[in-house]
Amino acid sequence: MTRPTRVISIYEGFFAGGARILHTDVVAGLHGPTQAHSVLAIASRARRENTMQHMEDDPRYRQLRHAGVEVVTLGRTADAHALDAVDFTTAELTLAAEALRDADLVLTLKEQPLALLDALRAHGLMPDVPVATCLHRSDPMHSGSALGRLSAATSDGRVSATISCAQSTDHAYAQAGVRAAQRYVIRNGIDTERFAPAADAERRRIRAELGIPSSAAVVVFAARFDAMKDPGLFFRTAAVHAAQHPGTHFVLCGAGMTWDNAAFRALAAESGVREATHVHALGIRQDMPSIYQIADIVALTSAFGEASPLCLIEGAACGATPVTTRVGDSAAVVDGFGVIAPAEPAAMAEAWRGVLLRRRTWRARALAARPHLDRQRMLDDYRVVTETLLGRAEAAA
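So for the sequence shown, my numbering puts the first residue at 1258; every next one is plus one.
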């Protein structure tokens, strides 16, 4: 009997973010009789957006373990410090080498983990197998030293391929000097059984738990508290909209999106959000389908960096209408069921108003798009790409 292909993914760590959600879905979805997947996490905890996020508490970690995927960690703490090859200890390299020992293919989640692979090579511990880097941003210049590491690795063949989640990602990295021998673009997909509309009674129940009237308009902002997401633009838009429509409720979810965060409070005040504005700052939530299910609009105000934002299609699959700035592949992602708005408070507030005036029509469009948002196509594409990379490696040998 032919043994399954052994694929290991290297994560910088486990913390809230679309890239980890997406890649974990891929790993858990492909793990089975023909491909045996595992994960090596450089960090077991992450300090991000005024929160300490532990691996064991992370839904992505739990999803992998539930799927039978082995997860090994070096036990580091992920923070703003950029990884470098010289940072790794002998004990860490020994543990990493053991995790990679039987791998047929290595996938890195973004470019940051390449520092570990360089360290392994420097010590003669890196197996001679193809490496593919999975990319999820459209602003590679914000990757710091990791961009140069990826560019060099694709130039000399240490990284065999890049797999981008959006055309904007592939183009931006190519423009920045990353030109792998094989370049693939695989559009994001989601679990449409999990992200699905709720019955009216369930929507009323969820709203009641949050103190939101059943008839109120609801705008959801699912993002971490980070300049890339431009929460200031969201707050300024909410202030403009609330002045005209005071009954609208705004639900914010994500790391740092809480009144306990002093920077969050200050930005809300600076942006003109008044105490009377119905702002529900919920922080990190593990029940995002229920949040999207009560929304009329899922808003994205990002200024840069986005590639193919998951929140837009997760919200749409639950019946919410995406309203987003023109960033990354957002316009293509929401074509036919969402709205692209200028990155300016009055214009974005007008876009929200237009959607809410025709919310039944927009909701129907979002729900009609559900078959195109499902992750099965994405999993099939990843399976083909991984098998192609392995086939090319075997042919070269």
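Ideal placement from N, C-alpha and C gives every residue a C-beta, glycine not left out.
**Given valine 1343 as reference, the closest of Pro1370, Arg1464, Tyr1268, Ser1547 once Cα atoms are compared** = By one-based count along the sequence shown, residue 1343 stands at place 86. Nearest in C-alpha terms to valine 1343, of all of Pro1370, Arg1464, Tyr1268, Ser1547, is Pro1370.
**Request:** Leaving aside the five residues before and after methionine 1309 along the sequence, list all residues of the same chain whose C-beta is less than 8 Å from its C-beta, in chain order.
**Result:** Within the sequence shown, numbered from 1, the residue matching residue 1309 stands at position 52. Taken in chain order, the residues that qualify are Arg1302, Ala1303.
**Neighbour-count burial assignment, valine 1590, 16 or more Cβ in a 10 Å radius** = Residue mapping note: residue 1590 aligns to position 333 of the sequence shown, counting from 1. By the beta-carbon neighbour count (other beta carbons within 10 angstroms, threshold 16), valine 1590 is buried.
**Item:** For methionine 1635, three-class secondary structure by DSSP
**Value:** Within the sequence shown, numbered from 1, the residue matching residue 1635 stands at position 378. Methionine 1635: helix per DSSP, three-state reduction.
**Request:** Using 10 angstroms around the beta-carbon of glutamate 1563, count the other beta-carbons present and answer buried if the total reaches 16, otherwise exposed.
**Result:** Your numbering for residue 1563 matches position 306 in the sequence shown. The Cβ neighbour count for glutamate 1563, taken over all protein chains shown within 10 Å, is at least 16; the residue is labelled buried.
**Asked** Exposed or buried, what is methionine 1605 when buried is set at 16 or more other beta-carbons lying within 10 Å of its beta-carbon?
**Response** Locating residue 1605 in the sequence shown gives position 348, where the first residue counts as 1. Result: buried.
**Message:** For valine 1329, which residues in the same chain have their Cβ closer than 6 Å to its Cβ, ignoring the five residues on either side in sequence?
**Reply:** The residue labelled residue 1329 in the question sits at position 72 within the sequence shown. Take valine 1329, set aside five residues on each side of it, and the residues of its chain with a beta-carbon closer than 6 Å to its own are Leu1297, Ala1356, in chain order.
**Message:** Taking 7 Å as the limit between beta carbons, can you name the residues of its chain near glutamine 1424, skipping five residues before and five after?
**Reply:** What you label residue 1424 is simply residue 167 of the sequence shown in a count that begins at 1. Shown here for glutamine 1424: same chain residues with a beta carbon closer than 7 Å to its own, the five before and five after excluded, namely Val1442, Asp1586 in chain order.
**Item:** Three-state secondary structure assigned by DSSP to serine 1547
**Value:** The residue given as residue 1547 occupies position 290 in the sequence shown. Helix.
**Request:** Rank Glu1527, Gly1513, Cys1510, Arg1460 by C-alpha distance to the C-alpha of glycine 1489 and give the top, closest one.
**Result:** Numbered from 1 along the sequence shown, position 232 holds the residue referred to as residue 1489. The shortest Cα separation from glycine 1489 among Glu1527, Gly1513, Cys1510, Arg1460 belongs to Glu1527.
**Request:** May I ask which residues mark the beginning and end of the beta strand (DSSP E) holding serine 1421?
**Result:** Locating residue 1421 in the sequence shown gives position 164, where the first residue counts as 1. Residues 1418-1421.
**Request:** Report the partner residues of phenylalanine 1492 according to the DSSP bridge assignment.
**Result:** Within the sequence shown, numbered from 1, the residue matching residue 1492 stands at position 235. Its beta-bridge partners do not exist; DSSP assigns none.
**Request:** Could I get the ranges of all uninterrupted alpha helix (DSSP H) runs contained in the segment 1268-1292, with 4 residues as the minimum, in chain order?
**Result:** Listed in chain order, they are 1275-1287.
**Item:** Sequence-distant residues of the same chain with beta carbon closer than 7 Å to glycine 1325, five excluded per side
**Value:** Residue mapping note: residue 1325 aligns to position 68 of the sequence shown, counting from 1. Closer than 7 Å at the Cβ level, and outside the excluded window around glycine 1325, lie His1288.
**Prompt:** Just reading off the beta strand (DSSP E) that proline 1261 is part of, what are its end residues?
**Reply:** Along the sequence shown, one-based indexing puts residue 1261 at 4. Premise fails: proline 1261 is in no beta strand (DSSP E) and is neither H nor E.
**Pick from His1502, Ala1552, Arg1394 that is closest to valine 1476, judged by C-alpha positions** = Counting from 1 along the sequence shown, the entry for residue 1476 is found at position 219. With distances taken between Cα atoms, valine 1476 lies closest to Ala1552.
**Cβ-Cβ separation, threonine 1494 to proline 1602 (assumed contact under 8 Å), whole Å** = Residue numbering aside, residue 1602 sits at position 345 when the sequence shown is read from its first letter. Residue numbering aside, residue 1494 sits at position 237 when the sequence shown is read from its first letter. Taking the Cβ atoms as the reference, proline 1602 lies roughly 5 Å from threonine 1494, within the contact range of under 8 Å.
**Asked** So, helix, strand or coil for proline 1370, using DSSP?
**Response** For this step, residue 1370 is matched to residue 113 along the sequence shown. Coil at proline 1370, not helix or strand.
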